[in-house]
Amino acid sequence: MRQSEYFIPTLKEEVTDAVIPSHQLMLRAGLVRQVGAGIFSFLPLGYKVLKNIIEILRDEMDNIGGQEFLLPALNPIEIWEQTGRVEAMGDVLFHIKNREGLVLAPTHEEIITFHARQHVKSYRDLPQIWYQIQTKFRNEPRPKSGVLRGRQFIMKDAYSLDSSLEGLDVSYNKHYQAYHDIFDRCNLNYFVVGASSGAMGGRQSQEFMVESNAGEDICALCDDCGYAANLEVASSNVKPVGRLDNNDEIEMFPTPNAKTINDLIEQFGLPEERCAKSVVYMVNNEPLLIFMRGNDELNESKLQAIVGTNNIRPAVSEELIKFTGADHGSIGPINLKTKIRIIADNLLKGANGLVSGANKDGFHYKNIDFERDCRIDEWYDLRTIQEGEQCPKCNSKLRVVKAIELGHIFKLGTKYSEALGATFLNSEGVEQPIIMGSYGIGVERILACYIEQNHDDKGIIWEYPITPFDVHLLGINLHNSDELKKGCEEIYEELLYAGFDVLFDDRDVSAGIKFNDADLIGLPLQIIVGKRNYDNGNVEIKNRRTGEREIVPIDGIEEYLLNYEPKSDE
RNA sequence: CGGGGUGUAGCGCAGCCCGGUUAGCGCAUCUGGUUUGGGACCAGAGGGCCGGAGGUUCGAAUCCUCUCACCCCGACCA
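Mind the numbering: the first sequence is residues 5 to 574 in the working numbering, read in order.
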């Protein structure tokens, strides 16, 4: 491709709106342009990369027996009502205003299940892996970070249909392996974490993550044993509070100015670990009293998984007074005004000598013995782990990092097949719901994450196979020498003929502009054709990543390129 | 949805507090000339409903009200 005829609007200056490197460089290198919040056009160069990524996705999905569909973005709302997701998705789901009854699909479990219901009738029809690579629409409350979080984005989503849980495991594992192959081929540094399968009855779920400050997920990592988990489910080894030898009688004492755990510690000199925090949540509008160590943070994801719904929220003051008899700061397990289900964090199991609210404003109890003085209905891991705590597997120190979710594999189970009546007859002639898995990858996220991990202060650094072109041919000051121009054209033609995808900077601009644009665009190798070297029968080849330059004879260019890396398969 | 910020030429910005000729600067663009291996130089030119609506005023980019858009932090994130 001749750059003089190709649309690559590079920007010399920084773009103020772009905060993270990938967003900045995608704009400056001419890959994308923003049209609205979370809405982007891919320009030819950016789309070329996207297509390379999609080809890898397609290849690996086909490798595990996936069959590609083209599914509609416009969906009848009825099918979404049947699975309860119109309500569950809320404002995230785009509704068509001038055509009642249609929504823009944010994902495709419903449509896939719809087709399965139509045609999958027997266990002999299973298993199946169906996938698509298409645009999804989600009315994100806050699009951000360039293409990392858009209202419209391309997703590879796959769905497995199986007749048994064992079959689901097989399908799931195939995807697990395919995802590794995909992200490896894209040269990404990533890790896999155990993730929350949500409140809606999934079985197992893992996320493929890229560590990044631009990420919206938080993960715990153990660099020693490889333990990795989303903070939503991460656990750690922390010593339980345990029992004190002297078990004094429970005693109420006035605490008029103590509203928080820190107040109690400061005003009464109490040891932090003996202060129990009580939190009241409304779960499906029923109160639930939760006990944690004083300064631990309740993990709402864990709570959602325990109570089996995501309809939870902290209780407000009126509710606290109504159910416990006291407001914030004085709530505890003893003397509750009404009977409330009480759960507590595992670290408090069997503890005594505890301090907690007396359900009377301005009073606390001390010397509470959870075994002697009150009723705890159940014990769970409820806390959010902290940086530096011990790995649950090997006791090394855990790191807590921000991460971008690239992909998610998820054993769905029968939620959608049951809701939509997608059933089959098993070998005994018994009707059963199809057992499903769901597997998504954000296509633009691969691109953005790659740039996050492969750039320097000059620009992007591409590698095979996702690089938009194999090589950048830079003709320096061609208009000064007909011979040089002719020679450069010949090199271009020969490389094309040899099957290389070449971007040829034949523009009539100064050398500095070409060098800087080339570094910004970031093709892996630059073949620099200048008069001095050319007159000696040579060109200079620069490695974008290392900056190393080599003088190479013109008839050795092809060999050099072939030895550098396998050329992209276009 | 809460908090903060920004809308002035294709891009990046100044001007706004404290209202007053024709709204400015850099980059980019066009013409001519000189340059030519890391974003050249000289001379000239084009390009604006100062986000939109309403108001105050003799007079509004500037003050007031409303509104729209975008960015950041938070909430949310199937």
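The C-beta atom is built at its ideal place from N, Cα and C for all residues, glycine as well.
Cβ atoms of ARG387 and GLU301 come within 8 Å of each other, at about 7 Å.
According to the DSSP assignment, VAL475 belongs to no alpha helix (DSSP H) but to the beta strand (DSSP E) extending over 475-479.
Non-local C-beta neighbours of ASN193 in its own chain, meaning closer than 8 Å and more than five positions away in sequence, comprise VAL214, GLU215, GLN457, ordered along the chain. For ARG549, the CB contacts under 6 Å within the same chain, skipping 5 residues up- and downstream, are ILE465 in chain order. A straight-line Cα-Cα distance of about 11 Å links GLY219 and ARG449.
Excluding residues up to 5 positions away in sequence, ILE439 lie with their Cβ nearer than 7 Å to the Cβ of LEU169 in the same chain. Ranking GLN28, PRO244, PRO13, SER334 by CA distance to the CA of VAL19 puts GLN28 first.
In this structure ASN234 touches VAL197 by the C-beta definition: roughly 5 Å separates them, less than 8 Å. Counted as a single uninterrupted DSSP element, the beta strand (DSSP E) harbouring GLN156 occupies residues 156-166. The alpha-carbon separation between TYR496 and GLU211 amounts to approximately 44 Å.
Take ARG37, set aside five residues on each side of it, and the residues of its chain with a beta-carbon closer than 6 Å to its own are SER45, in chain order. Closest in C-alpha terms to GLU9, from the list ILE558, ASP512, GLY526, PRO528, comes ASP512.
Beta bridge pairing from DSSP links MET296 with LYS281.
Remark: C-beta atoms of VAL283 and ILE294 approach each other more closely than 8 Å.
In the DSSP annotation of this structure, the continuous segment of the beta strand (DSSP E) that includes THR139 starts and ends at 132-141. Per DSSP, GLN181 has no beta bridge partner at all. About 4 Å separates the CB atoms of ALA426 and ARG121; that is less than 8 Å, so the two are in contact. Unbroken beta strand (DSSP E) stretches of 3 residues or longer found wholly inside the stretch 34-92: 36-40, 43-46, 78-80, given in chain order. Rounded to the nearest angstrom, the gap between the Cα atoms of ASN542 and VAL556 is 5 Å. Closest in C-alpha terms to SER400, from the list GLU72, GLU290, LEU225, comes LEU225. Per DSSP, the beta-bridge partners of GLU215 are ALA407.
Taking C-beta separations shorter than 6 Å and ignoring five residues to either side along the sequence, the partners of GLU382 in its chain run ILE347, following chain order. The Cβ atoms of LEU106 and ASN79 sit closer than 8 Å to each other. In the assembly as shown, ASN288 is an exposed residue. Its beta-carbon has fewer than 16 other beta-carbons within 10 Å. Counted as a single uninterrupted DSSP element, the alpha helix (DSSP H) harbouring CYS453 occupies residues 447-457. Comparing alpha-carbon positions, the option among MET30, GLN530, PHE11 lying closest to GLY463 turns out to be MET30. Excluding five sequence positions before and after GLU236, the CB atoms of its chain that fall closer than 6 Å to its own CB belong to SER200, SER305, given in chain order. PRO557 carries a strand assignment under DSSP once its states are collapsed to helix, strand and coil. In the DSSP assignment, GLY516 falls within the alpha helix (DSSP H) that extends over 515-525. Of the residues ILE480, ILE517, LEU566, GLY150, the one whose Cα lies closest to the Cα of LYS535 is ILE480. Listed in chain order, the non-local C-beta contacts of ALA319 below 8 Å within the same chain comprise VAL284, TYR285, MET286, PRO291, PHE327, local neighbours out to five positions each way being set aside.
In this structure, LYS370 keeps its C-beta atom at 8 Å or more from the C-beta atom of SER334. Burial state of VAL533 is buried, judged by a 10 Å Cβ sphere holding 16 or more other Cβ atoms. Its Cα nearest to that of ARG32, the residue GLY50 stands out among GLY50, LYS281, PRO244. HIS112 is positioned such that its CB atom lies closer than 8 Å to that of ASP161.
Judged by DSSP in its simplified three-state form, TYR384 adopts strand.
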